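Quick note: the sequence shown uses UniProt numbering, first residue 1, plus one each step.
Note that beta-carbon positions come from the ideal geometry of N, C-alpha and C, so glycine has one too.
Since this is a predicted model, take the numbers as computed values, not measurements.
In what follows, a structure is listed as C-alpha cells, so that the remarks can point back to it.
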Amino acid sequence: MSVHHIKKISGVSSLFLFLITVSIAFIILFTPLYYFSAWSLDLPEQLGMSMETLMENYHVLLRYLHFPWITELNFPDFTSSASGLFHFYEVKLLFYLNYFILIASFIGSVFYMKSLKKNKRLWTLQKPFFIAALVPPILLTFLAVSFDRMFVLFHEIFFNNDDWLFDPATDPIILALPQEFFMYTFLLFFLLIEMFFIIAYQYSKRNAFK
1 MSVHHIKKIS GVSSLFLFLI TVSIAFIILF TPLYYFSAWS LDLPEQLGMS METLMENYHV
61 LLRYLHFPWI TELNFPDFTS SASGLFHFYE VKLLFYLNYF ILIASFIGSV FYMKSLKKNK
121 RLWTLQKPFF IAALVPPILL TFLAVSFDRM FVLFHEIFFN NDDWLFDPAT DPIILALPQE
181 FFMYTFLLFF LLIEMFFIIA YQYSKRNAFK
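Right, dumping it as C-alpha cells:
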C-alpha cells in the first residue's frame with residue numbers, strides 16, 4: 001500500500017472518528033434530553049421525588065463520569081451495589097476514551113482537511129461520506145424494529161461482564177435511567193451523525209475544486 005493511500009485512509013478515518021465522537025460528546029452533555037425523558041416518562045412521580053432532586057442525582061452521575069478527581073460515586077438519594085458502581089467506573093473509562101479519540105481525531109482531521117484544500121482534492125471526500133450517510137438510516141431501522149436487541153448488543157460489545165444488568169432492589173438508580181432514555185440517546189445520535197455526514201458530503205461537493 002502506497003504512502004498516499006495510507007494518508008487517505010488515516011485522514012478519512014480521522015474525519016469519521018471526529019464526527020462520531022463529537023456526536024457522542026454532545027449527547028452525553030446534552031442534559032435537556034434527560035430532562036425531557038424524565039418529564040415524558042413521569043419519572044419524578046414514579047420515584048417519589050421532585051424533578052429538581054432527580055436532576056441533582058443525574059448531575060452527580062455526570063460529574064463523576066467526567067471529572068478524574070471525583071473517584072467515588074455517591075448518589076444523594078440512591079443506594080448502590082459494588083457491581084453497579086463498577087459498571088459506572090467502566091462507563092467513566094469509556095467516556096475518557098471517547099474524549100481522547102475526539103481530541104486526537106480532531107487534530108488529524110485539521111491536518112488532513114488543510115492538505116486536501118491545498119491540493120484541491122476535497123472532491124475525494126464525496127464517496128466516503130455518501131456511503132457513510134447510508135449507514136445511520138439502516139441503524140435507525142434496526143432501532144425501530146428491535147431496540148432491545150440493539151441495547152443488549154451494545155453492552156455485549158463494550159462490556160465483558162454482566163454488571164450493566166442492574167437490580168432495582170440494590171441499584172435503584174436504574175429506575176431513574178430507564179431503557180426509553182437510552183433509546184432517545186441512540187435516536188438522537190443516529191440523527192446527529194446522519195446530519196454531519198450529509199453536511200460533510202455537501203461541503204465536499206460544493207468545494208470540490210476550490
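Short check: CB of residue i to CB of residue j, under 8 Å?
i	j	result
Ser204	Leu122	yes
Ala176	Leu47	yes
Phe158	Leu116	no
Pro137	Leu41	no
His87	Asp148	no
Tyr64	Lys92	yes
Ile193	Ile6	no
Phe16	Ala132	yes
Ala38	Met49	no
Leu85	Leu73	yes
Can you tell me which of the options puts its alpha carbon nearest to the alpha carbon of residue i?
i	options	result
Pro76	Asn98, Thr53, Ile70, Ala169	Thr53
Val22	Met195, Asp163, Lys7	Met195
Ile27	Val145, Tyr99, His5	Tyr99
Leu102	Ile193, Ser14, Ala38, Arg206	Ser14
Tyr184	Ile198, His66, Ala144	Ala144
Phe106	Gln202, Arg206, Val12, Asn207	Val12
Gln202	Thr124, Phe67, Asn119	Thr124
Glu56	Glu45, Asn160, Phe78, Leu187	Phe78
Phe186	Ser146, Tyr89, Arg206	Ser146
Lys8	Asp171, Asn207, Asn119, Pro32	Asn119
Phe155	His66, Pro32, Glu90	A small correction: the amino acid at residue 155 is His; Phe does not occupy that position in the sequence shown. The shortest C-alpha separation from His155 is found at Glu90.
Phe36	Ala82, Leu139, Glu180	Glu180
Asp171	Asn161, Leu191, Ala82	Ala82
Would you mind giving the Cβ-Cβ distance between residue i and residue j, rounded to the nearest angstrom? I have them listed as a contact below 8 Å.
i	j	result
Phe189	Ile70	No, Phe189 and Ile70 are not in contact; Cβ-Cβ is about 25 Å, not under 8 Å.
residue 235	Ser109	Because the chain is modelled from 1 through 210, residue 235 falls outside the range shown and cannot be assessed.
Ser80	Ile173	7 Å
Tyr96	Tyr58	About 19 Å separates the two Cβ atoms, so there is no contact after all.
Phe182	Phe142	Going by Cβ atoms, the distance from Phe182 to Phe142 rounds to 15 Å, so no, they are not a contact pair.
Less than 7 Å between the CB of residue i and some heavy atom of the ligand PLP, yes or no?
i	result
Tyr201	The ligand PLP is absent from the structure shown, which contains no ligands of any kind.
Minimum length 4: unbroken alpha helix (DSSP H) runs contained in the region 34–109:
Restricting attention to alpha helix (DSSP H) runs no shorter than 4 residues, the region 34–109 encloses them at 43–47, 51–66, ordered along the chain.
Would you call the region 159–169 and the region 125–143 in contact, with 3 or more CB pairs under 8 Å?
Counting Cβ pairs under 8 Å, fewer than three are found: no touch.
Which full runs of the alpha helix (DSSP H) of 4+ residues lie inside the region 161–203, going along the chain?
Within the region 161–203, complete alpha helix (DSSP H) segments of at least 4 residues are found at 173–176, given in chain order.
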